[in-house]
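Trainee:
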Amino acid sequence: MNTLENFNNSLNEIRLSLHKYGKINDANAKLDEVSKLLAIKLYDIKKDKSNKLTKLLSGYETNNDNKFVSNLQSLFKNIANDEMFKDSNQNSIFGNNPRLEIDNDDDKFAYSIIKMLDVSLNDIITNGEEFDLINETFGHFIRSNFRNNIEDAQYMTPQEVVDLVCGIASKNLPNVAKNKELLVCDPCCGVGSFLTTFYRNNKDVSKIKVIGQDKVQRMVRLSKLNMELFNSENHFISKGNSLISDSDIDNFKGKIDLIITNPPFGASFNGKELENEEKDKYPLLFDTFRNKTNINSEILFIDRCIGLLKEGGELLAVVPDSVISSKGIAETLRFRIMNDGDIHLKSIIELPTVTFAQAGTRTKTSILHLKKMKRKEKTKSRGVFIAKSTDLGFEVSIRKGATVKIKKGHNDLIDIFKSYTPKYNEQFNSVPKIISDRPSCVIVKEDNFTNNAWTPSHYDSSIFRAIQNLNKIENVNLIPLKDLVDFVTSDRKKEIIEESSKCISILHIVNVDILDFKELMNYQPKFAGIVCKPDDLIFSKINPRIPRALVVPDLKMPLTCSSEFEIINSKCEINNYGMKALLMLPSVQTQINHLTSGTSSSHNRIKTKELKEVLIPIPSKKSSEYLKFINLLEKSEKEHKSMNKLAVNRVKLMDELSEVF
């Protein structure tokens, strides 16, 4: 059994002991007591030359000393105000009246806890693994054994993600002048995982000053302990709200070299709360505050971080899908980032939905990587590294009421890290370049993101691979769908809907492209739908991995269709039946399936704007293949007309038979 497993087992034993003795019921109180006992052992390792803790343990073991808790209490009070346990304001991280919440008659219980920490930490130090081991296990122990609430996601980023963020940050270390400190910050630091991991990876490379702030005192305490466990001598950990009101982190505006963070998701702030904030605190969104609209915390944190960075500084943040795909204020932020001229979009890495499952949420997230440019760097054509992770090497399941991580699969963030190099963010002015197919890693010109989506799946390597393969075929032209058809949905919404209309829903299209006439006739929609007409091509935009397209048959009755359809009509020599066949081609479906957005696989949608840009392969009219192509489309048209006619006639026949009997 390795050191990591030993330490995890010890932490599990502590949890069981807390449960067994039933002395502390509140989950956060358990966490607080373990952190205090950890501090005692940490002080014993780093500062106590008189070995007071060792003597206490020995006294209990040899004499069954019934004053063990009392003596432990005194020891804790003495160390709690030591310099190593003070925050940036020189206050003890354990509060004004630090004490252990353990009764004096709980000697056996207290001894069992401190002994387990003593043995496991000594084992870590003996094996030389004290730093990364604590970062990996202590935080995860807190989450998996003490709490099972969604808010844990704000400070319990999986170590796999932390490692990738810190690894990419390390590859982009800014040049710092001689005798100057590299300022590395997390404005919502939680337990300090990002800061401690980055410090461990780079402590021999640069003179690093670590800056962390969190609005929760418990997180400040844990982050401070983590700094001490990592022997980070130059750190500044403070309590404060980084978004509103004054806080210590304001002293670093425009000075930070690197920000690595996972800001809290979903908290909402009204513009009225922010209207008095200074422009340089929110350089991109300050003018929107006067609209008094609500703005989510993750949006504010991105702008806040940009204000904290110095020229040449970089930001790597774990953000929810809304930041890179939603409309409204998120779209405004993206537009201003791309048009500001001072900010370079360097990377976007999509994470799988399992990422924060142990904390109780399967929100889609990505790593967003930005750089605040220096003046001389602004005119270069640059590339953006886009990657998509599908496997973190673990799954999450529920055991005995608690969510637990189970090792399974391969952590493809390791492969993404190997694929990334900063040179891709420098001069790049060509067609998209595929670095890796699995996991998907590509380089795309930064200009492409000015008016287009930021969603990594829209730049999946399989799309570019399919286009590359089509381009290799002689006498085939790739034409955007918008140049071949008219999109008429918006106009049809304005037309009068007849009361006798029947509405086609996406569930009425079976086997991809056949109308279920019986279900159509029985369907009673909640909403009237959008007017559609015979020979219209209706194409489903929801969950396109199950493709549904139909050329509307002439049923001799007024029809509408669900708003989930896009209504299109050919404006070239290829009719709607031919267009439907082309939209079902594998090379076209590959493009469509990766252009979706949405929070879950069952509600993924493709936007009309994205659908218009899908490339359709059309043989050149001068080629011999063109005549064969047209003949095949004509055969396809006859077949589908016949199948739809048979489906309708079969229902009518069965209705007539039922009337007879």
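Under the working numbering, the first residue of the sequence shown is numbered 79, with each subsequent residue one higher. Built from N, CA and C at the ideal position, the CB exists for glycine as well.
Using 8 Å as the limit for Cβ to Cβ distance, is Ser579 near chain C?
Mentor: Among the chains of the structure shown, chain C does not appear; only one protein chain is present.
Trainee: Going by the DSSP bridge assignment, what does Gln291 pair with across the sheet?
Mentor: Working through the sequence shown from its first residue, we reach residue 291 at position 213. DSSP, once it has assigned bridges, lists Ser316 as partnering Gln291.
Trainee: Measuring CB to CB, does Phe463 end up less than 8 Å from Ser425?
Mentor: Here residue 463 is taken as the residue at index 385 of the sequence shown, counted from 1. Here residue 425 is taken as the residue at index 347 of the sequence shown, counted from 1. Cβ atoms of Phe463 and Ser425: closer than 8 Å.
Trainee: According to DSSP, what are the bridge partners of His447?
Mentor: Position 369 of the sequence shown holds residue 447. Answer is Leu394, Ser425, bridged to His447.
Trainee: Below 8 Å between beta carbons: does that hold for Pro631 and Leu660?
Mentor: Indexing the sequence shown from 1 puts residue 631 at position 553. Indexing the sequence shown from 1 puts residue 660 at position 582. No.
Trainee: Check whether the Cβ atoms of Ala606 and Thr567 lie closer than 8 Å to each other.
Mentor: Stepping through the sequence shown from its first residue, residue 606 is reached at position 528. Stepping through the sequence shown from its first residue, residue 567 is reached at position 489. No, the pair does not count as a contact, with Cβ atoms beyond the cut-off.
Trainee: On the DSSP bridge assignment, give the partners of Lys145 in chain order.
Mentor: Working through the sequence shown from its first residue, we reach residue 145 at position 67. Partner(s): none; Lys145 has no beta bridge.
Trainee: Per the contact definition of three or more C-beta pairs closer than 8 Å, is the region 530-548 in contact with the region 504-521?
Mentor: Because the criterion of three Cβ pairs below 8 Å is met, the region 504-521 and the region 530-548 touch.
Trainee: Less than 8 Å between C-beta atoms, sequence neighbours within five positions excluded: which residues of the same chain meet that for Leu724?
Mentor: Reading the sequence shown from its first residue, position 646 is the one you call residue 724. Cβ neighbours of Leu724 beyond the five flanking positions: none.
Trainee: Throw me the rounded Cβ distance for the His488 and Asp469 pair, which I believe falls under 8 Å.
Mentor: By 1-based counting over the sequence shown, the position of residue 488 is 410. By 1-based counting over the sequence shown, the position of residue 469 is 391. Correct: roughly 6 Å between the Cβ atoms.
Trainee: Have a look at Asn722, Asn304, Lys370, Val288 and flag the residue whose alpha-carbon is nearest the alpha-carbon of Leu120.
Mentor: Position 42 of the sequence shown holds residue 120. Taking only the C-alpha atoms, the option nearest Leu120 is Asn304.
Trainee: How close, in whole Å, do the beta carbons of Ser316 and Asp326 come, if the pair is a contact with beta carbons under 8 Å?
Mentor: Residue 316 sits at position 238 when you count from the first residue of the sequence shown. Residue 326 sits at position 248 when you count from the first residue of the sequence shown. That pair is a contact at about 4 Å.
Trainee: Give me whichever residues DSSP pairs with Glu473 in a beta bridge.
Mentor: Counted from its first residue, the sequence shown places residue 473 at position 395. In DSSP, Glu473 forms a bridge with Ile484.
Trainee: Within the continuous beta strand (DSSP E) that includes Pro558, where are the two ends?
Mentor: Reading the sequence shown from its first residue, position 480 is the one you call residue 558. Segment 554-558, the beta strand (DSSP E) holding Pro558.
Trainee: Going by DSSP in three states, Ile652 sits in which element: helix, strand or coil?
Mentor: In the sequence shown, residue 652 corresponds to position 574, counting from 1. It is coil, neither helix nor strand.
Trainee: Where does Leu731 fall in DSSP's three states?
Mentor: Within the sequence shown, residue 731 is the residue found at index 653, counting from 1. Three-state DSSP puts Leu731 in a helix.
Trainee: Report the residue from Glu356, Asp490, Pro636, Leu336 whose alpha carbon sits nearest the alpha carbon of Val609.
Mentor: Along the sequence shown, one-based indexing puts residue 609 at 531. Selected option, being the one with the closest Cα: Pro636.
Trainee: What separation, rounded to the nearest whole angstrom, lies between the Cα atoms of Asn223 and Met194?
Mentor: Within the sequence shown, the letter at position 145 stands for residue 223. Within the sequence shown, the letter at position 116 stands for residue 194. Because Asn223 carries a pLDDT of 45, less than 50, the predicted location of this residue cannot be relied on, and the following value inherits that uncertainty. Distance between the alpha carbons of Asn223 and Met194 is about 16 Å.
Trainee: Apart from the five residues on each side of it in sequence, which residues of its chain come closer than 8 Å, Cβ to Cβ, to Gln669?
Mentor: The count along the sequence shown starts at 1 and reaches residue 669 at position 591. These residues qualify, in order along the chain: Ile541, Ala544, Ile545, Val692, Leu693.
Trainee: Within 10 Å of its beta-carbon, does Cys266 have 16 or more other beta-carbons around it, so buried, or fewer, so exposed?
Mentor: Position 188 of the sequence shown, counted from the start, is the residue given in the question as residue 266. Buried, since its Cβ has 16 or more Cβ neighbours within 10 Å.
Trainee: Within the chosen definition, does the region 146-162 reach the region 180-195 through at least 3 CB pairs nearer than 8 Å?
Mentor: The region 146-162, when compared against the region 180-195, does touch it at the 8 Å Cβ threshold.
Trainee: Ignore the nearest five residues each way along the sequence and tell me which others in Ile587's own chain have a CB closer than 8 Å to its CB.
Mentor: As a first step, residue 587 must be located in the sequence shown, where it is residue number 509. So the list reads Leu593, Asp594, Ser618, Arg626, Ala627, Leu628, once near-sequence residues are dropped.
Trainee: Can you tell me the Cβ-Cβ gap for Ile192 and Leu115, rounded? I've got them flagged as a contact below 8 Å.
Mentor: On the sequence shown, residue 192 is found 114 positions in, with the first residue counted as 1. On the sequence shown, residue 115 is found 37 positions in, with the first residue counted as 1. Indeed, because the Cβ distance is near 5 Å, the residues count as touching under 8 Å.
Trainee: Report the residue ranges of all alpha helix (DSSP H) runs contained in full by the region 552-618; include only those spanning at least 4 residues, in chain order.
Mentor: If we require 4 residues or more, the alpha helix (DSSP H) runs fully inside the region 552-618 come out as 567-570, 595-600.
Trainee: How far does the alpha helix (DSSP H) with Lys523 in it reach, from first residue to last?
Mentor: One-based indexing of the sequence shown puts residue 523 at position 445. Per DSSP, Lys523 belongs to no alpha helix (DSSP H); it is in the beta strand (DSSP E), 518-523.
Trainee: Please state the DSSP three-state secondary structure of Leu336.
Mentor: Taking the first residue of the sequence shown as 1, we reach residue 336 at position 258. It is a strand residue.
Trainee: In or out: Phe163 buried (at least 16 other Cβ within 10 Å) or exposed?
Mentor: On the sequence shown, position 85 is the one that residue 163 refers to. Buried.
Trainee: Are the region 337-346 and the region 373-384 touching by the rule of at least three beta carbon pairs closer than 8 Å?
Mentor: Yes: the two stretches touch, three or more of their Cβ pairs being nearer than 8 Å.
Trainee: Would you call Pro236 buried or exposed, if buried means 16 or more other Cβ atoms sit within 10 Å of its Cβ?
Mentor: Within the sequence shown, numbered from 1, the residue matching residue 236 stands at position 158. Classification of Pro236: buried, given that the 10 Å Cβ count is 16 or more.
Trainee: With three or more beta-carbon pairs closer than 8 Å as the criterion, would you say the region 327-337 touches the region 245-263?
Mentor: The region 327-337 vs the region 245-263: in contact.
Trainee: Just to confirm, is the Cβ distance from Lys302 to Asp160 under 8 Å?
Mentor: Within the sequence shown, the letter at position 224 stands for residue 302. Within the sequence shown, the letter at position 82 stands for residue 160. No, these two residues do not count as a Cβ contact at 8 Å.
Trainee: Using 8 Å as the cut-off, can you tell me whether the region 433-447 makes contact with the region 387-407, which would need three or more C-beta pairs spanning the two stretches below that distance?
Mentor: Short answer: they touch.
Trainee: With H, G and I counted as helix, E and B as strand and the rest as coil, what does DSSP make of Phe209?
Mentor: On the sequence shown, position 131 is the one that residue 209 refers to. Low local confidence applies: a pLDDT of 44 at Phe209 is under 50, so the model's placement there is unreliable, and no value is given.
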